[in-house]
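Read through the structure below, which is laid out as structure tokens, and then see the notes.
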Amino acid sequence: MDKKSRTILSENNISITNPRVLVIEELLKYKQPLTVEVLQKKLKGQVAVSTLYRVLNDLKKINLLNEFTSPENVSVVELNLHDDSHHHHLFCTSCGEIIDIDLGKNFEDNISSEINKIQKMFDFEIHDHTLELLGLCSGCKKD
């Protein structure tokens, strides 16, 4: 996996450093959004907290990392390797699990159409949108 992390950095013209490799490896390993706190715990002893935040900022600057805020106002990050695919998230309000969801082209086209109407109605330039759906994951529904 170390090789994949290095390739990702190299392809994005960002210098390869051990902290960057470790952060990308950890995010690749879990293949789902992680809170910064969880990422920090997983990297404890390998990457200093200040270095972690610096690496996350570096990756955001080159659009390799998406950062968003959970309903609990917690910072969540995920690698942006989805060749331009836009996706949304399901948040379990019980256990905190975050699930990526792709709602399809028709849904996104409808949202884009509505966003265009809103831009005109309010004379407001919209750059992006997010959709978070809150509820209970399958594990928590059983409990």
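As numbered in the working numbering, residues 2 to 144 make up the sequence shown, in order.
Ideal Cβ placement from N, Cα and C applies to all residues, glycine included.
Our contact map puts residue 99 next to residue 77 with C-beta atoms below 8 Å; I'd like the distance itself, whole angstroms only.
6 Å between Cβ atoms; contact.
Based on Cα-Cα distance, which residue from 122, 70, 26 and 87 lies nearest to residue 129?
87
With burial defined as no fewer than 16 other Cβ atoms inside 10 Å of the residue's Cβ, what is the status of residue 72: buried or exposed?
exposed
Below 8 Å CB to CB, which residues in the same chain sit around residue 44 once its five sequence neighbours on both sides are set aside?
23, 24, 27 and 53
Straight-line gap, residue 143 to residue 137 (C-alpha atoms, nearest Å):
9 Å
Name the residue from 64, 91 and 12 whose alpha carbon lies nearest to the alpha carbon of residue 33.
91
Residue 105 in three-state terms, based on DSSP:
helix
Which term fits residue 119, buried or exposed, when burial requires 16 or more other beta carbons within 10 angstroms of its beta carbon?
A residue is called buried when at least 16 other Cβ atoms come within 10 angstroms of its Cβ; residue 119 does not meet this threshold and is exposed.
Any idea what DSSP makes of residue 52, helix, strand or coil?
helix
Of all the CB atoms in chain C, is at least one closer than 8 Å to the CB of residue 64?
The chain labelled as chain C is not found in the depicted structure, where only one protein chain is given.
If you draw a straight line from the alpha carbon of residue 48 to that of residue 105, how long is it in whole angstroms?
37 Å
According to DSSP, simplified to helix, strand and coil, what is residue 11?
helix
Residue 127: which of 15, 113, 42 and 109 sits nearest, CA to CA?
113
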